[in-house]
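Asks: If you read the sequence shown in our numbering, its first letter stands for residue 271, the second for the next number, and so on.
Let me give you the structure first, and then I'll get to my questions.
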Amino acid sequence: MRAIIAATALLLLAADPPASRADEPPLPPNSVTAQHESIMQGLARLAAQDAPTASAARAVLDVMTPHLQKEQEFVLPLLAILPEAAENRVTPEMAWAVPVADRLAAERSALFDEHGRIMEAVGMLIATGEKANDPPLVDLGERIAMHAMSEIEVVEPSAQLVG
């Protein structure tokens with residue numbers, strides 16, 4: 271695990287931020303995107319197994335996939351300008367953020383409801399993992415639950431503040 275974290279840190283430090291036009295948001299923060307990819311890959315692996323736990327993993331995938339797509343569209347891009355916003359550096363190239371922030375404000379309640387459905391499905395995933403005595407499944411479920419809570423408590427409010 272430490273090797274993965276170290277390699278990821280090196281990639282993040284070496285990455286050049288992409289150039290952005292006023293009508294085009296920058297790429298979302300690598301750290302959040304990597305978390306989403308890791309979670310979805312873990313769920314996909316579990317869902318593809320021929321095991322009683324696969325249906326619980328598919329249920330989480332079914333609610334998370336459209337939710338993460340929405341976050342990619344109108345939550346995470348706003349976080350890409352968080353460092354500049356924190357230093358009160360607003361540029362014309364950030365004009366794309368206005369309609370994105372408006373969409374986030376309009377859909378924030380729906381996102382919150384989706385998190386509730388995600389947490390419900392994750393609760394079933396954890397219960398299924400406990401019943402099957404599958405510690406890796408339980409660990410993944412707990413990791414997803416913590417990630418969902420961080421989105422509710424930190425990620426989405428931060429994106430809204432930036433917008």
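For every residue, glycine included, the Cβ atom is placed at its ideal position computed from N, Cα and C.
Do you know how far the Cα of residue 320 is from the Cα of residue 420?
Replies: Whole-angstrom Cα-Cα distance: 32 Å.
Asks: In three-state DSSP terms, what is residue 358?
Replies: coil
Asks: Exposed or buried, what is residue 316 when buried is set at 16 or more other beta-carbons lying within 10 Å of its beta-carbon?
Replies: buried
Asks: From the DSSP output, in three-state form, read off residue 376 for me.
Replies: Looking at residue 376 - three-state DSSP - the assignment turns out to be helix.
Asks: Going by Cα to Cα distance, which pick from 301, 334, 296 is closest to residue 313?
Replies: 334
Asks: Going by DSSP, what residue range makes up the alpha helix (DSSP H) through residue 334?
Replies: Its alpha helix (DSSP H) spans residues 324 to 344.
Asks: What is the DSSP secondary structure of residue 294, counted as helix, strand or coil?
Replies: Taken through DSSP and simplified to helix, strand or coil, residue 294 comes out as coil.
Asks: Taking only the alpha-carbon atoms, compute the straight-line gap between residue 338 and residue 372 and give it to the nearest angstrom.
Replies: 18 Å
Asks: DSSP state of residue 299, grouped into three classes?
Replies: Coil.
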